[in-house]
Each structure stands twice: as C-alpha cells, then as structure tokens.
Amino acid sequence: MLGDQKILRLPKAFKRLSKDTPHEPVCHDTHLPQEIWNQIIEEYHTSYPDQPLYHLLLTSRCLYEATITSLYRSVVFNITQEGRDKWPLLLTSLSKYASWVRKLDITELRGPEEQTELGGGDFAHTFLDYLANLSQLRALSIKCHGAKLPVPILVTASRLPHLKTLELTNLSFVEGPCPCPPFPPMESLREIRLTNIREHEGSLKWSTFLPCTLNRSLRHFEYCRLPKSGNEQDNYSFLQPLKEDPELSFPDMRELRLPRPITEADTDQAIDLLRRCPSLLALGFEANGFKGTWGNQINELGARLPWGYLNDLRAINGPPGLISAVSPGRPIQKAMVRLERPTEFPLLGTLEALQRSSCPLEVLAIWTNNWRETTLQEIVQLFPQLKNLAICVLSVPALVGL
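Using our numbering, you'd call the opening residue of the sequence shown number 1308 and step up by one each time.
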C-alpha cells in the first residue's frame, strides 16, 4: 500500500516541479556531484537511445533534478508545413530552458523551393528571440531545402559566446538592403560546414560572412556552393582579408573542403591558405559531379604545391591531376578519385601515384564513367592492405571490365 501511495503522488510532484523557474539543480538525495550524474545519464542515453529521458523524470525527485538539464541539452526541430502556427508557441514555452541547451538542430523536411517558414512570418521573429537567449549553445545546425535565411539570425548566431560548431545546408540569404549588419569575429568557433549553399541575385553573398569565422583555433572548414549558384568567379573572395594579415595561420586546422578554383588567382589563394594550415589531415574540393570538367586550375594547384606543405595529409578528395601530384611521399591513407570527363590523367597512373605514398592506402573510392581503364585485380595488386573499396560507375556497359 505504501508503494502505491508513492506512485500516485509522483505526477503531482512532477507538475509542481515543472512549473518552477529553471535553475541549476543539485541532487540533494546523494553526495554525487552534478558532473557525475551527467556522465551516468549520458551513458544511459547512449546505451538505450530508444528510451526517452523523460521517463527518468518520473522516477524520483533526485533523478528529476539530475536529468532535467540533460533533457534540454539537445533540441531538434523537424519543421513541416502542417501545424506551422504551433511553432512560435512552442519556442516561447521552451525559452525558460534556454540556458540548458547545448545543441540546436533545425531541419525543414519538405520546404518549398522559394520560401520556407524559416525565412519569414512569426516563426522567424520568435526563433530570433529564442536563439538570442541560448547563451550556452555549443552547436547550431540548420538544414532547410531552398530556405532563405534572414541575415539577423546569422548575426545573432555569430554573437553567441560559446558556439563551437555551425552547420548550414541548402540555404541562401534573404535579399536585404546593403550594407548588411556587421558580423563580429567568432573566436569560439571550431567547426564550420556550409554545404550546398546558394546565392541569388541581389542577396547578401556568403563571402561577406565567412571572414568572421576564420580564427586561429578553427579545426574544420567546409564551404561548398551548389553548381551555377551565384558567380563562380567569387569562389575564393572570402579569403581576401587574409592578405591584410600575412602572419595569420591555422595551426589546429585538420580538415578543409573548398570550392573549385576557377581562375589563377583562386589557385594562388588556395595555396596561400594551405600554407597557413601546417597540421592539415584531410583536403577535399567540391565537384559538379560528371556534368562538366574540373577545369585546369585545380590540377595546376597540385603541380604548384610546394613540397613543404601538407606533410601530415591523410585523406584527399579530388581529380586525378591533384591526387597524382600530392600523393607521392605523403602519408595518404584515404583517397577519393573523381575522374573528370574528359581527363588527361589516366586512372591507372593516378593509382600508381597513390601507391607511392608513405603509408599503405586503406580506403579508396573511385568515381568514373569509364571503368575499362583498370581492373579490380590491378587495384588489389597495387594496394594489398586495402580495407575498403568503393567504385561508382555511371555507365552500365562499363561494368564489363569487372
């Protein structure tokens, strides 16, 4: 009977606690500090990912106080067109837990091509207020197909003092009057990923925002635009501010993924950036698939790269000319070879260059439309310690060479 009475009282206790103003809770029923509780709860959540943390709140007052901060540590919004009017109210109700949020992920599952809820309406204004209160946010991810991102949202994100990871996918800026609001330097940022981003005529250019993300402690930088999105001649204009500070370097940079260099000036700027990244482990370049060629500049980049650069490079993604020039003598362990059409560099010659790297190749991916250039037997002979091989052949008749 006593046990039944306790069970009946739990919902009332939970309702009373949930109405309280959030504070940094301390579990009074045990001598364990909150940091230990956080590790226990994280281990539980990792071991049982399908079990919501919400159930732990109903177990006891002690577990409620220990779990409540973890419950709001990661917030995920999957926005749909149905029920859009509920989002501003939901954001308002979550605002009192803002200081506990460490990771925020917004995904537009099926947004319209020209405009989404993120770019206008009550949601944008409410979200802007909510974002400004996330004083302890560490990671922000926004993935919305075709969405136009209001510039004030990005300005607010750039002012978050503890933001370490920023990921933006399939976005463009909302057209707005110039000049744009100033972007403060993001000194706390460690990783930035801009993937399949767009530019429209009259909209703010991404090159206006990117310079504020370049700090000495940056570890991962990815900037890839959609093909035919904006002026490709501006691919490397975001590096112009580096000319004013020739001593600026990125000693912690480990991964770089850059646009295709179109002009000789792009190649010069790309080489200058690589010079500033002495500890780089992974290098990749965006490609337009097999719709066109890579162009000559990226192959010239490999040939002009001084030998003193990229001595710790472990992974590379690019066309045959770049990989053939960079691989020999460097510890390449992972390679993705994307053959252009047409190409002056045969696949077999590129693979032989990879064989001359200073470490055994473990992972190899090949994108090609002409598999007849080589065979699986030749690949196995060249790389006897290969652990993973992926081959993408776009032309079905080419599979005869297997």
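All residues carry an ideal CB built from backbone N, CA and C; glycine is no exception.
Everything numeric in this text was worked out from a predicted model, so none of it was measured.
With a Cβ-Cβ cutoff of 8 Å, do residue i and residue j count as a contact?
i: Y1530; j: L1587; result: no
i: L1580; j: L1629; result: no
i: L1668; j: A1632; result: no
i: R1637; j: L1658; result: no
i: R1582; j: F1557; result: no
i: G1591; j: N1542; result: no
i: L1608; j: I1578; result: yes
i: R1532; j: R1497; result: no
i: V1383; j: V1408; result: no
i: S1479; j: I1504; result: yes
i: K1410; j: R1380; result: yes
i: P1627; j: L1654; result: yes
i: V1458; j: L1511; result: yes
i: R1621; j: A1572; result: no
i: R1611; j: E1593; result: no
Could you compute how far the alpha carbon of residue i sits from the alpha carbon of residue j?
i: S1400; j: L1378; result: 15 Å
i: A1464; j: D1619; result: 33 Å
i: W1513; j: T1574; result: 19 Å
i: N1345; j: Q1604; result: 51 Å
i: I1343; j: E1350; result: 11 Å
i: L1435; j: P1553; result: 36 Å
i: L1370; j: T1376; result: 11 Å
i: D1559; j: P1492; result: 18 Å
i: L1549; j: L1555; result: 7 Å
i: I1569; j: G1656; result: 25 Å
i: T1433; j: V1462; result: 15 Å
i: K1393; j: F1430; result: 9 Å
i: R1368; j: Y1437; result: 28 Å
i: E1372; j: V1644; result: 52 Å
i: E1562; j: T1366; result: 44 Å
i: N1477; j: P1340; result: 42 Å
i: C1451; j: E1551; result: 35 Å
i: T1353; j: E1508; result: 45 Å
i: Q1358; j: W1614; result: 52 Å
i: L1646; j: E1415; result: 33 Å
i: P1489; j: P1585; result: 30 Å
i: E1506; j: V1687; result: 44 Å
i: L1693; j: F1528; result: 28 Å
i: P1356; j: I1386; result: 22 Å
Near residue i, which residues of its chain fall below 6 Å by C-beta distance, leaving aside the five closest residues on each side in sequence?
i: L1475; result: I1449 and L1501
i: L1517; result: F1545
i: S1634; result: A1660, L1661 and S1664
i: L1473; result: L1447 and I1499
i: I1698; result: I1673
i: A1405; result: N1440 and L1441
i: L1689; result: L1658 and Q1662
i: L1696; result: L1671
i: Q1413; result: According to the sequence as given, residue 1413 is Ile; it is not Gln. For I1413, where only same-chain residues beyond five positions count, the Cβ hits under 6 Å are F1384 and I1449.
i: E1685; result: none
i: T1520; result: M1493, L1496 and I1499
Could you tell me which residues DSSP puts in a beta bridge with residue i?
i: M1560; result: According to DSSP, which records beta bridges pairwise, M1560 is partnered with nothing at all.
i: V1670; result: K1641 and N1695
i: T1532; result: It is worth fixing the name first, because residue 1532 is Arg in this sequence and not Thr. According to DSSP, which records beta bridges pairwise, R1532 is partnered with I1504.
i: F1592; result: L1565
i: E1415; result: I1386 and C1451
i: K1410; result: S1381 and A1446
i: G1625; result: V1644
i: T1716; result: What the structure shows of the chain is the stretch from 1308 to 1709, and residue 1716 is not part of that stretch, so it cannot be assessed.
Using a Cβ-Cβ cut-off of 7 Å (strictly less than) and excluding sequence neighbours within five positions of residue i, which residues of its own chain qualify?
i: S1495; result: P1468, H1469, L1470 and K1471
i: T1374; result: I1348, L1360, L1363 and L1364
i: Q1576; result: Y1543 and L1546
i: N1606; result: P1626, G1628 and L1629
i: L1444; result: V1408, R1409, L1411, L1467, H1469 and L1470
i: C1666; result: P1638, I1639 and Q1640
i: N1522; result: P1492, M1493, E1494 and L1496
i: S1524; result: R1497 and D1559
i: F1652; result: P1627, G1628 and S1631
For residue i and chain B, any beta-carbon pair shorter than 8 Å?
i: T1675; result: In the structure shown, chain B cannot be found, because there is only a single protein chain.
Which runs of the beta strand (DSSP E), 3 residues or longer, sit entirely within the region 1451-1528?
The region 1451-1528 is shown to contain whole beta strand (DSSP E) runs of 3 or more residues at 1472-1480 and 1498-1504, in chain order.
Segments assigned beta strand (DSSP E), at least 3 residues, entirely inside the region 1351-1397
Entirely contained in the region 1351-1397, the beta strand (DSSP E) runs reaching 3 residues are, in chain order, 1381-1386.
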